[in-house]
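Trainee: Encoded as structure tokens, here's the structure I'll be asking about.
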Amino acid sequence: MTKYAIHTKWEWPDGVPSAETMQGWHREFRSQTKAEDIIWFQIDSNTHQSVIIFSSEEDAKAELEMRQKQRAQSINETGHKMVEETMGPVLSIMSEA
């Protein structure tokens with residue numbers, strides 16, 4: 155089974171939330187997802203990107219509806235917006251080589 159990655163880029167009109175705030179969101183969401191990991195990183199004061207790693211494309215697709223609902227809710231609450239989304243099978247992971 156091939157791992158599957160989803161990459162997104164987000165813009166925040168009032169600045170990227172603090173690391174503590176984002177970690178709190180991850181703690182709340184962790185039990186609701188099959189994702190192996192979700193990594194958020196800051197690009198500049200108003201932009202962050204994320205990478206979600208799933209065990210398989212099937213797991214990623216199974217959570218698509220939930221992910222879209224969760225995103226819509228958080229966008230409504232904060233006013234941030236997704237600028238880009240790409241996804242595909244993982245070719246290599248250095249820690250597993």
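In my numbering, the protein residues as written are 155 to 251. From the three backbone atoms N, C-alpha and C, an ideal C-beta is built for every residue, glycine too. It should be emphasised that the depicted structure is a prediction, and the values quoted were computed from it without experimental measurement.
Roughly how many angstroms lie between the CA atoms of P199 and E238, to the nearest whole one?
Mentor: Sequence inspection shows Ser at residue 199; the Pro mentioned does not correspond to that position. About 17 Å.
Trainee: According to DSSP, simplified to helix, strand and coil, what is H180?
Mentor: In this structure, H180 counts as helix in the three-state DSSP scheme.
Trainee: Between the C-alpha atoms of M176 and E217, what's the straight-line distance to the nearest angstrom?
Mentor: Cα-Cα distance, rounded: 20 Å.
Trainee: Based on the DSSP secondary-structure assignment, which residues constitute the bridge partners of Q196?
Mentor: In the DSSP output, where bridge partners are listed per residue, Q196 has H202.
Trainee: For V205 and A159, which I take to be in contact (beta-carbon distance under 8 Å), what is that distance rounded to the nearest angstrom?
Mentor: That pair is a contact at about 6 Å.
Trainee: Do W207 and K163 have their CB atoms nearer than 7 Å?
Mentor: Position check: residue 207 holds Ile in this sequence, whereas Trp was assumed. For I207 and K163, no; Cβs fall outside 7 Å.
Trainee: Considering only residues of the same chain and omitting the five flanking positions on each side of I197, which have a CB-CB separation below 8 Å?
Mentor: Excluding positions up to five away in sequence, the list reads K163, Q203.
Trainee: Suppose you measure from the CA of S185 to the CA of W194; what does that come to, to the nearest Å?
Mentor: Approximately 18 Å between the Cα atoms of the pair.
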